[in-house]
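Participant: Letter by letter, the sequence shown follows residues 1467 to 1938 of this note's numbering.
Where is the CB? At the ideal position from N, CA and C, for every residue including glycine.
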Amino acid sequence: MIDRARLVADLQALLGTDAVLHRPEEVLAYDCDAYTLERALPLVVVLPRSTEAVADVVRYCHERGIPFVPRGAGTGLSGGCLAPETGGVMIALTRMTRVVELDPRNRRALVEAGLVNLRLTHAASPHGLHYAPDPSSQMACTIGGNVAENAGGPHTLKYGVTTNHVLGLEVVLPDGRIAWLGGKTDDAPGYDLRGLAVGAEGTFGIVTKAWVRLVPLPQGVKTMLAVFESVEAASSAVSALIAAGVLPAALEMMDRMIIAAVEASFRFGFPTDAEAVLIVELDGLEAGLDRQAAQTVAILQAQGAREVRLAKDDDERSRLWMARKKAVGCVGRLAPSKVTQDGVIPRSQLPAVLKQIAGIGARHGLRIANVFHAGDGNLHPIVLFDERDPEQVRRVVQAGQEILEACLAVGGSITGEHGIGVEKVGMMDRMFAPADLAVMERVRDAFNPEGLCNPGKLLPTSRTCVESRRRP
């Protein structure tokens, strides 16, 4: 048993009383992430201001066998930042928010893990640069959390996900040592431990700083809204665009239920009688952009778009993207609770799988709305329900599993950017063979042999479907 009073006193001695939260009303705010059904209260939440302070806490926990978990802004969607079953220590990095170094000449930045994603672009934009990964939560989510989940976003169709923009990571290892994986330069020699750590969901250690790549702001941007009478027609248009050699910066879909919620919230002028809309954004050099936009409009119309609206200026474009990025939050108008799934499928399978998702919802008596990254087949079905009703919760869990099974059946994946966390850990054996999972465990154990750092996340334990093979 952990002596909670002693734990609080010791951590206050390490960090100061203002950096340790332990009262019930203080830790309650840290019992969940954005939308995961699971809840878990930490014993203590600490708020360090430096890598050295993080290392002090980790060493303390390691020496006493106390589990600990890193946390950013809590915007995750799979429970990756939930406290361990025994409570443990939560290490929140939200006071580590500096842009340590901005190097516009080499298009690099060194940032602390608690820096909010969008603030990095704000810092870089005066130099004509930006940070490309742009999750819908980019106004709140942190770089460290993005690294843990290998976060994506609407514009990763063209620009890639977090791992494509991270060069090096400063990590506090689970025994309290501080190490660098990668660095400021491209293609560091040796094994790509940086790439291994991105997307590891905090099971290898706690990221405290990152060298990230910045990219130039595009010369020109064309953003359009295509309106369709059916989800199937909109889905076919996605494949038609890519097949024609058009590579949009972003290609997003919203169905009728989402359109109605977003329009009620933002009054942008979305057509609430449409069954689906696509948001298509092209960017690049000014030369040739008009021709590419005309080609895109022609393809969309040939695929059945009844209307294609071009954003007339930057303000209208910004309003359109604001509506898209806040679409999931707008669903709060439709139901008391929601769970957002995160599967990936081949683009060509969009019409068939979306039809299956509708059938799953009908079979379980649940409404399911869809807003997702159509260009790369990353689905985000939003299941609407009331979590106060245990029977509804049971049906939601079952429906979520069936949705992911449908994704796997067509050669897809159980996550594209939200991670596995605790929500989908029980489905890892549906995607990987026991031998695959055993190898993953051995890799994790090389970093985290005692299993104290973010336990119970990403990989099944011996109590689920994989026998633990930890080495002494």
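Tell me which residues share the same chain as residue 1920 and place their Cβ nearer than 6 Å to its Cβ, disregarding the 5 neighbours each side in the sequence.
Facilitator: Counting from 1 along the sequence shown, the entry for residue 1920 is found at position 454. Closer than 6 Å at Cβ, skipping near neighbours: 1535, 1668 and 1669.
Participant: Output the distance between the C-alpha atoms of residue 1474 and residue 1493, rounded to the nearest integer angstrom.
Facilitator: Locating residue 1474 in the sequence shown gives position 8, where the first residue counts as 1. Locating residue 1493 in the sequence shown gives position 27, where the first residue counts as 1. Spanning the two alpha carbons is a distance of roughly 13 Å.
Participant: Relative to the C-alpha of residue 1643, which candidate in 1527, 1865 and 1870 has its C-alpha closest?
Facilitator: Counting from one through the sequence shown, the residue named residue 1643 turns up at place 177. Ranking 1527, 1865 and 1870 by Cα distance to residue 1643 puts 1527 first.
Participant: Please state if the CB of residue 1703 and the CB of residue 1753 are separated by a distance shorter than 8 Å.
Facilitator: Taking the sequence shown and counting its residues from 1, one reaches residue 1753 at position 287. Taking the sequence shown and counting its residues from 1, one reaches residue 1703 at position 237. Not closer than 8 Å, so no.
Participant: Do residue 1570 and residue 1595 count as a contact pair if the criterion is CB distance below 8 Å?
Facilitator: As a first step, residue 1595 is located in the sequence shown; it is residue number 129 there, counting from the start. As a first step, residue 1570 is located in the sequence shown; it is residue number 104 there, counting from the start. The answer is yes: Cβ separation under 8 Å.
Participant: With a CB to CB cut of under 6 Å and the five nearest residues on each side skipped, what residues in its chain are close to residue 1872?
Facilitator: Within the sequence shown, numbered from 1, the residue matching residue 1872 stands at position 406. 1819 and 1822.
Participant: Per DSSP, residue 1879 forms a beta bridge with which residues?
Facilitator: For the purposes of this step, residue 1879 is taken as residue 413 along the sequence shown, with counting starting at 1. According to DSSP, residue 1879 bridges with 1810.
Participant: Which residues bound the alpha helix (DSSP H) around residue 1847?
Facilitator: As a working mapping, residue 1847 is identified with position 381 in the sequence shown. It is not in any alpha helix (DSSP H) - residue 1847 instead sits in the beta strand (DSSP E) that spans 1847-1851.
Participant: Starting from residue 1611, trace the beta strand (DSSP E) both ways and give me its first and last residue.
Facilitator: Position 145 of the sequence shown, counting from 1, holds the residue named residue 1611. Run containing residue 1611: none in the beta strand (DSSP E); it sits in the alpha helix (DSSP H), 1609-1615.
Participant: I need the DSSP call for residue 1648, collapsed to helix, strand or coil.
Facilitator: Numbered from its first residue, the sequence shown carries residue 1648 at position 182. Residue state, collapsed to three classes: strand.
Participant: Could you give the first and the last residue of the continuous beta strand (DSSP E) run that contains residue 1493?
Facilitator: Sequence index remark: in the sequence shown, residue 1493 carries index 27 (1-based). Element bounds for residue 1493: not the beta strand (DSSP E) but the alpha helix (DSSP H), 1490-1493.
Participant: Determine the direct distance from the alpha carbon of residue 1728 to that of residue 1938, and round the result to whole angstroms.
Facilitator: Residue 1938 sits at position 472 when you count from the first residue of the sequence shown. Residue 1728 sits at position 262 when you count from the first residue of the sequence shown. In this predicted model, residue 1938 has a pLDDT of only 26, less than 50, meaning its place in the structure is not dependable; the value taken from the coordinates is given anyway. About 54 Å.
Participant: Which residue's Cα is closest to the Cα of residue 1748: 1732, 1687 and 1843?
Facilitator: To locate residue 1748, count along the sequence shown from 1; it is residue 282. The shortest C-alpha separation from residue 1748 is found at 1687.
Participant: Buried or exposed, going by whether 16 or more other CB atoms sit within 10 Å of the CB of residue 1766?
Facilitator: Position 300 of the sequence shown, counted from the first residue, corresponds to residue 1766. Under this definition residue 1766 is a buried residue.
Participant: Could you tell me the distance, in whole angstroms, from the CA atom of residue 1933 to the CA atom of residue 1488?
Facilitator: Along the sequence shown, one-based indexing puts residue 1933 at 467. Along the sequence shown, one-based indexing puts residue 1488 at 22. With a pLDDT of 31 at residue 1933, under the threshold of 50, the modelled position of that residue is not reliable, and the figure given next carries that caveat. Approximately 35 Å, taken between the alpha carbons.
Participant: When the Cβ atoms of the region 1792-1801 are set against those of the region 1652-1671, are three or more pairs found closer than 8 Å?
Facilitator: Result no; under three Cβ-Cβ pairs closer than 8 Å.
Participant: Looking at the structure shown, is residue 1854 part of a helix, part of a strand, or coil, going by DSSP?
Facilitator: As a working note, residue 1854 is residue 388 in the sequence shown. Coil, per DSSP.
Participant: Tell me the start and end of each unbroken alpha helix (DSSP H) in the region 1666-1732 that is at least 4 residues and wholly inside, in chain order.
Facilitator: Those alpha helix (DSSP H) runs which fall completely within the region 1666-1732 and span 4+ residues are 1697-1709 and 1722-1732.
Participant: If I measure Cβ to Cβ from residue 1751 and keep anything under 6 Å in the same chain, skipping five residues before and after, which residues do I get?
Facilitator: Counting from 1 along the sequence shown, the entry for residue 1751 is found at position 285. Correct list, in chain order: 1685.
Participant: Excluding the 5 residues flanking residue 1805 on each side, which residues of the same chain have their C-beta closer than 7 Å to its C-beta?
Facilitator: Numbered from 1 along the sequence shown, position 339 holds the residue referred to as residue 1805. The answer, listed in chain order, is 1501, 1503, 1849, 1862 and 1866.
Participant: DSSP three-state call for residue 1922: helix, strand or coil?
Facilitator: In the sequence shown, residue 1922 corresponds to position 456, counting from 1. The answer is coil: DSSP assigns residue 1922 none of H, G, I, E or B.
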